Amino acid sequence: MSATTTTPTVHGWSTRALSDVAVITRRNLLRTLRLPEVLVLSASMPVIFILMFTYVFGGSIQVPGVDNYVDYLIPGILAQTVVFGSTQTGVGLAEDLSRGMIDRFRSLPMARSAVLAGRTLSDTARNLFVVCLMLVVGFLVGFRIHTGVIPALGAVALALAFGLAFSWISAFIGLSVRDVESAQAAGFVWVFPLVFASSAFVPVDTMPGWLQTFADINPVTVTVNALRALTLGGPTARPVLESLAWIAGILLVFVPLAVNRYRRAAG
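This note's numbering numbers the first residue of the sequence shown as 4 and each following residue consecutively.
Now the structure itself:
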């Protein structure tokens with residue numbers, strides 16, 4: 004009898020939780036659509052980086068084994084795009100917290116994780132738009148995929164998964180600092196070193212020896228290497244698995260931390 008009654012209860016809870024996540028995701032997406040300047044600002048920085056590194060620095064950067072620097076650059080830009088985009092998760096949650104929206108959500112009969120999952124999923128959807136835009140800009144400046152459609156789609160999916168994982172880090176930070184200005188500042192503090200001390204723009208072996216040690220294990224470097232393998236060619240299994248391991252590890256650590264912080268944030 005207990006098994007019979009437990010299964011529908013679990014199923015019903017799962018259905019309600021998914022419905023809650025869908026409601027929060029839709030709410031955040033509609034809010035983004037009503038504020039198109041947010042999308043413009045999210046896309047402007049990666050576009051500037053593409054143009055700057057292609058036309059200002061590209062001529063002086065030589066990458067062994069790569070004929071066209073843009074082919075080397077764009078996978079790094081994709082990683083940079085989703086990592087920078089993930090900081091908006093913390094900013095958005097800090098804004099909701101300061102406006103009392105978190106208190107309202109907590110008063111509703113919804114799953115505790117729904118607000119965070121909905122926020123991270125809506126930010127992932129925004130990242131998808133910006134990633135597609137970056138690919139279009141990349142093609143306009145000479146980027147070409149050397150592997151095929153399936154690996155290219157895999158690269159997009161991997162980049163989005165990486166951004167999703169970083170969104171949970173940002174969610175924890177945003178709920179911890181509790182105000183928008185601090186969330187914005189904190190986002191740059193932890194994101195910039197990871198992006199620029201990585202292989203996103205230049206090979207790791209061109210960096211000082213003391214920095215190479217960090218850059219080699221940097222999750223951004225690991226994911227950029229996987230993205231390059233999926234778009235430029237070469238062995239893909241190991242870099243992709245290493246990137247997936249980082250993604251899984253980040254989620255295992257920061258999803259519980261963020262959910263626990265959310266439960267305490269408005270208390």
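Beta carbons are placed, not taken as given, at the ideal position from N, Cα and C, and that holds for glycine. Everything numeric in this text was worked out from a predicted model, so none of it was measured.
Other residues of its chain near residue i: CB distance less than 7 Å, five sequence neighbours each side excluded
i, result
"L167", "T123 and T127"
"V198", "Q83, V86 and V223"
"D99", "I105"
"A218", "A200, S201, S202, V207, M210 and T224"
Selection from the options that minimises the alpha carbon distance to residue i
i, options, result
"S47", "L136, I64, R102 and S63", "L136"
"G93", "V207, P112 and I176", "I176"
"G121", "S22, Q187 and P196", "S22"
"T90", "A251, W213, A174 and L100", "A174"
"D70", "A25, R147, T239 and L36", "R147"
"I77", "S202, F217, F257 and I153", "S202"
Where the alpha helix (DSSP H) containing residue i begins and where it ends
i, result
"Y72", "Y72 to S101"
"D182", "That residue, D182, is in no alpha helix (DSSP H); it is neither H nor E in DSSP."
"P228", "Here the sequence assigns Asn to residue 228, which means Pro is not the residue at that position. Residues P222 to L235."
"F52", "P39 to M55"
"F146", "F146 -> no alpha helix (DSSP H), and no H or E assigned at all."
Residue i to residue j span [Cα, whole Å]
i, j, result
"T234", "Y265", "38 Å"
"P49", "N263", "33 Å"
"V73", "S63", "12 Å"
"V183", "P259", "22 Å"
"L119", "P67", "42 Å"
"R241", "F132", "28 Å"
"R102", "S110", "15 Å"
"D208", "Q65", "12 Å"
"F56", "S17", "46 Å"
"V194", "F204", "15 Å"
Cβ shell of residue i (< 6 Å), same chain only, five flanking positions each side left out
i, result
"H149", "L235 and G236"
"I53", "I80 and V140"
"M113", "D23"
heavy atom of the ligand PLP below 7 Å from residue i C-beta
i, result
"V194", "Inclusion of the ligand PLP in the displayed structure is not the case, the ligand content being empty and no account of it being possible."
Contacts around residue i, its chain only, beta-carbon distance under 8 Å, and the 5 residues preceding and following it disregarded
i, result
"G95", "N31, R122, D126 and G177"
"S185", "A97"
> Counting pairs of Cβ atoms below 8 Å between the stretch 217 to 236 and the stretch 99 to 112, do you hit three or more?
Replying inline: no
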